[in-house]
Amino acid sequence: MGMKQATYDAIVVGSGIAGGWAAKELTEAGLTTLVLEAGRTIDPAVDYVEHVPSWEFRFRGLRDRQALARRQPVQRECYACDEAASTFFVDDVDNPYTVPDGKPFLWIRGRQVGGRSIMWARQSYRLSDLDFEANARDGYGVDWPIRYADIEPWYDHVERFVGVSGEALGLPQLPDSRFLPPMPLNCGEQFVKEGIERAYGRARVMTIGRAAVLTQNHNGRAACHYCGPCHRGCITRSYFNSVHATLPAAEATGRMTLRPDSVVAELLYDASTNRARGVRVIDAVTHEEMEFNGRVVFLCASALESTRIMLNSTSERFPTGFANSSGELGRNLMDHTMRAGASGVIPGFADRDAYGRRPNGIYIPRFHNVTTQHPDFLRGYAFQGGAGRTGWTRGASLPGFGADFKHTLREPGPWQMSLGGFGECLPRPSNYVEIDPNRKDKWGIPTLRIHCEWSDNEHAMRRDMAVTAAEMLEAAGVREVESHVEDSPPGLTIHEMGTARMGRDPHTSVLNGYNRCHDVANVFVTDGAAMASSANQNPSLTYMALTARACAYVLDQLNRREL
Amino acid sequence: MHRRDVIRALTTGLALPTIDALTPEAVWAAGRAVHERIRGVRQDEPLLVLTDHHNAMVSVLAELIIPETDTPGAAAARVNRFVDVMLAEWFDEDERDAFLGGLVTLDARCVSTFGTPFPGLGEEQQTVIVGALDAELAALRQAELPTEQHFFQQMKWLTLYGYYTSEVGATQELQQVIAPGRYEPCGPVRREASGQWE
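Chains as they are written, first to last, in this note's numbering: chain A, 1 to 563; chain B, 1001 to 1198.
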């Protein structure tokens, strides 16, 4: 076994949305920082393919179906795993995991510099005290150790750098960000927005999505040019990801060492100091083993990968996983529940259309269980969706052929509007991950066995999403409204979180209010694993804010010589 | 700003102080140049699955569905080559067999009706046959029965997809723009469209 000894002020595991922020904040504060990324390096000049036209793809955007079936049978369930972007998703054969029979969980992963921040959907929302107080209010999970006031300045901090476009609403349940100008609603969406306003007043509000996509030049990155497929990369760096923004900032300090192809197998525990002294790494290409030492370790590998590393890091002190004296490591897995809603046809606007491919939709912030209690379920959901005119694809289900048919398809089809819910998932210990002793990945590292299913609360919420979306569309004047509740296994929303939760009590939580392990003072977990509840908002903005806040805490502790 | 400098600026970690000067065309051109350098455009390949006879049938059927008008049609877009690649590398074996079987059945039907296989028929007779196939599909839809098993559903879908995602279909018929450069939420319907081009 080759041993490499090197000592850094900080080691950051993962280079995605959380790891990029840890790298930026720690290096800018003066720490020499090693960023370990399990996947390959990304060169925008080669890897970004958003402007490749359909005819240059062998399957014209229909995806390489047979290759996906062979190598990415899980990843292909994500819409973004397309012919251009499937290289940003892991190979399921090399990266296995298991689930019990009849309990599917779709674990969608990206291993490359930038992680899933390359393909993320860019929706960015703050949590509020309605969310931070939720566990304490109804007793599911443990109380968050922080409140909105603790994280608010850190939302400000990351938003100033990221650039979030959106509309300020002044809603208590969805605090406003520091916005760049909002993208506009199109004619169909404006029609529905006004209809909802007439029917519900201020109780239910439709707005444009809050997106980490620039509507004006910002911090050296260019305003969006509305080409559409952000998940394939962005040559003008108009949406936020680690490769565009945080990693270059860290690189500019001269204090970052970024090591791709570095699979972290475990944290190395030093019993004499009760600290992690570093990490054991397997080179993804050569399979060579090496160790790196650091004074502080940030786990930012994604919720389940960070948890997997901790579960695989056993010692006499921590026989069931790193810093797991509470026994909560791996428990309380959550994802947002989705794929229930309604759609219909918007009357009128036959001579109007939108121009440009806006990489964003509409948002209807949570309105249930804000001031009153719904009889069927706890917590809440938001709607996302949008309006648009159908195009030539409708021809496959229309009668006709020949010149007239061709000319019909030249004109846009009807305006359609859809709403789909994104609902909060209760934190429950029965949704959990453990190490599967019988299954190892390509690098010999034991993999996860994931036990997760929706509870009655999520099922009830989904039923309500379908009914309520249909009611709202009809109230707004949308016609031919149809509601739907589709099967959607947990994981597919790709908001998996909660398996190393924050909390006030070391006996019932893994991390404290600064994302630090209760049990080990120099290890921080700042990705989705830390979440004590899921709220219903897309979570990445919160991971960024928590990461920046934890970094500031580390610096404060180092200055006080307490770390 | 020279194009080479644009490309360098766009693909390095440098800030973009001159980004205001970039037109959508420059952004697109830079991105395209980068992508062409690494992808290249595929050259013609020999037919993978279709026999010359079946290739002729597919070519005629596609052109009947999307003919040349004031813009080129399915033949100019080489939809037959797209169908061949899909049959060879995208379809499952049973789906491929079903499609090829559909071509055989179509020929037999032409022989029994007109005494000649499909490619040998005049355009009027071919149009009658395609009209009958399309009417069968419409009847299935009317009865709310599944259409996916019907040969002509597959043929029509492949033709539409192959045509509108081709360079001819996307740039001439749809007049798609890859980098519109702006979002206009509620303008007039225009020929220069920006809907998904795939």
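Ideal Cβ positions, reconstructed from N, Cα and C, are used throughout, including at glycine.
Distance, residue j Cα to residue i Cα
| i | j | result |
| --- | --- | --- |
| A:Trp-120 | A:Leu-169 | 24 Å |
| B:Ser-1059 | A:Glu-482 | 39 Å |
| A:Leu-267 | A:Phe-298 | 11 Å |
| A:Ser-397 | B:Ala-1135 | 12 Å |
| A:Ala-276 | A:Gln-416 | 55 Å |
| A:Asn-515 | B:Ala-1179 | 42 Å |
| A:Arg-147 | A:Glu-133 | 7 Å |
| A:Leu-214 | A:Val-164 | 7 Å |
| A:Ser-488 | B:Ala-1075 | 41 Å |
| A:Gly-327 | A:Ser-430 | 13 Å |
| B:His-1053 | B:Ala-1139 | 29 Å |
| A:Ala-203 | A:Phe-367 | 7 Å |
| B:Pro-996 | B:Arg-1191 | With chain B covering only 1001 through 1198, there is no way to say anything about residue 996 of chain B. |
| A:Thr-98 | A:His-495 | 19 Å |
| A:Tyr-381 | A:Tyr-239 | 25 Å |
| A:Phe-161 | A:Arg-410 | 42 Å |
| A:Pro-104 | A:Glu-486 | 15 Å |
| B:Glu-1167 | A:Pro-184 | 30 Å |
| A:Asn-457 | A:Asp-404 | 51 Å |
| A:Cys-187 | B:Ile-1066 | 31 Å |
| A:Glu-289 | A:Gln-537 | 39 Å |
| A:Asp-176 | A:Leu-130 | 14 Å |
Among the options, the one whose alpha carbon lies nearest that of residue i
| i | options | result |
| --- | --- | --- |
| A:Glu-305 | A:Thr-447, A:Arg-560, A:Ala-354 | A:Thr-447 |
| A:Ser-313 | A:Cys-300, A:Leu-329, A:Ser-302 | A:Leu-329 |
| B:Leu-1048 | B:Glu-1095, B:Ala-1056, B:Asp-1084, B:Met-1057 | B:Asp-1084 |
| A:Glu-453 | A:Gly-491, A:Arg-501, A:Thr-33, A:Glu-434 | A:Gly-491 |
| B:Val-1128 | B:Glu-1144, B:Arg-1109, B:Leu-1145 | B:Arg-1109 |
| A:Ala-199 | A:Ala-475, A:Ala-271, A:Ser-455 | A:Ala-475 |
| A:Glu-434 | A:Lys-24, A:Ala-245, A:Asp-64, A:Met-310 | A:Met-310 |
| A:Ser-272 | A:Arg-317, A:Thr-307, A:Arg-137, A:Thr-493 | A:Arg-317 |
| A:His-287 | A:Lys-193, A:Val-263, A:Ser-128 | A:Val-263 |
| A:Ile-450 | A:Asp-9, A:Thr-207, A:Gly-102 | A:Gly-102 |
| A:Glu-480 | A:Gln-66, A:Glu-159, A:Gly-344, A:Leu-174 | A:Gly-344 |
| A:Arg-126 | A:Glu-152, A:Ala-22, A:Phe-422, A:Glu-167 | A:Glu-152 |
| A:His-407 | B:Thr-1051, B:Glu-1068, B:Pro-1046, B:Leu-1061 | B:Glu-1068 |
| A:Leu-174 | A:Asp-556, A:Cys-551, A:Leu-541, A:Glu-562 | A:Leu-541 |
| A:Asp-270 | A:Val-520, A:Glu-159, A:Glu-194 | A:Val-520 |
Burial state of residue i, where buried means 16 or more other Cβ atoms lie within 10 Å
| i | result |
| --- | --- |
| A:His-51 | buried |
| A:Ala-69 | exposed |
| A:Ala-340 | buried |
| A:Tyr-79 | exposed |
| A:Arg-280 | buried |
| B:Glu-1173 | buried |
| B:Val-1079 | buried |
Sequence-distant residues of the same chain with beta carbon closer than 7 Å to residue i, five excluded per side
| i | result |
| --- | --- |
| A:Ala-85 | Met-119, His-231, Arg-232 |
| A:Pro-73 | Asp-92 |
| A:Asp-376 | Ala-460, Asp-464 |
Beta-carbon contacts of residue i that lie in its chain and below 6 Å, excluding the five residues immediately before and after
| i | result |
| --- | --- |
| A:Asn-95 | Asp-441 |
| B:Phe-1152 | Leu-1133, Leu-1137 |
| A:Phe-401 | none |
| A:Phe-57 | Glu-83 |
| A:Val-554 | Val-296 |
| A:Asp-353 | Arg-389, Pro-412 |
| A:Ala-529 | Ala-303, Ser-306, Thr-307, Thr-499, Ala-500 |
Neighbourhood of residue i by C-beta distance below 8 Å, restricted to the same chain and skipping five residues each side
| i | result |
| --- | --- |
| A:Val-113 | Ser-15, Glu-37, Gly-39, Arg-40, Thr-41, Ile-42, Ser-242, Val-243, Leu-247, Leu-258, Pro-260 |
| A:Gly-413 | Arg-389, Thr-390, Gly-391, Arg-394 |
| A:Asp-156 | Arg-178 |
| A:Glu-28 | Ala-249, Ala-250, Thr-253 |
| A:Gly-348 | Phe-191, Trp-415 |
| A:Gly-209 | Gln-123, Gly-166, Met-183, Asn-360, Gly-361, Ile-362, Tyr-363, Gln-384 |
For this session: For the segment 280-298 of chain A, enumerate the residues whose C-beta is nearer than 8 Å to any C-beta of chain B, in chain order.
Result: none
Exercise. What residues in the segment 1057-1069 of chain B have a beta carbon less than 7 Å from any beta carbon of chain A?
Worked result: Leu-1064, Ile-1065, Ile-1066, Pro-1067, Thr-1069
Exercise. Using Cβ-Cβ distances below 7 Å, what residues of the segment 1105-1134 of chain B are close to chain A?
Worked result: Val-1130, Asp-1134
For this session: Check each residue of the segment 47-59 of chain A: if its Cβ is closer than 8 Å to any Cβ of chain B, include it; give the result in chain order.
Result: Tyr-48, Val-49, Glu-50, His-51, Val-52, Pro-53, Ser-54, Trp-55, Glu-56, Phe-57, Arg-58, Phe-59
Exercise. Taking Cβ-Cβ distances below 9 Å as the criterion, which residues of the segment 1156-1167 of chain B are in contact with chain A?
Worked result: Lys-1156, Trp-1157, Thr-1159, Leu-1160, Tyr-1161, Gly-1162, Tyr-1163, Tyr-1164, Thr-1165, Ser-1166, Glu-1167
For this session: Please name the residues in the segment 1164-1189 of chain B whose beta-carbon is closer than 9 Å to at least one beta-carbon of chain A, in chain order.
Result: Tyr-1164, Thr-1165, Ser-1166, Glu-1167, Val-1168, Gly-1169, Ala-1170, Thr-1171, Glu-1173, Leu-1174, Gln-1176, Val-1177, Ile-1178, Ala-1179, Pro-1180, Gly-1181, Arg-1182, Tyr-1183, Glu-1184, Pro-1185, Cys-1186, Gly-1187, Pro-1188, Val-1189
Exercise. In the segment 457-469 of chain A, which residues sit with their C-beta less than 8 Å from some C-beta in chain B, listed in chain order?
Worked result: none
Exercise. Taking a cut of 7 Å between CB atoms, which residues from the segment 333-360 of chain A lie near chain B?
Worked result: Asp-351, Arg-352, Asp-353, Ala-354, Tyr-355, Gly-356, Arg-357, Arg-358
Problem set entry | Contact list for the segment 392-405 of chain A against chain B, Cβ threshold 8 Å | Trp-392, Thr-393, Gly-395, Ala-396, Ser-397, Pro-399, Gly-400, Phe-401, Gly-402, Ala-403, Phe-405
Exercise. Taking Cβ-Cβ distances below 7 Å as the criterion, which residues of the segment 1143-1157 of chain B are in contact with chain A?
Worked result: Lys-1156, Trp-1157
Exercise. Using a Cβ cut-off of 9 Å, which residues of the segment 409-425 of chain A contact any Cβ in chain B, in chain order?
Worked result: Leu-409, Arg-410, Glu-411, Pro-412
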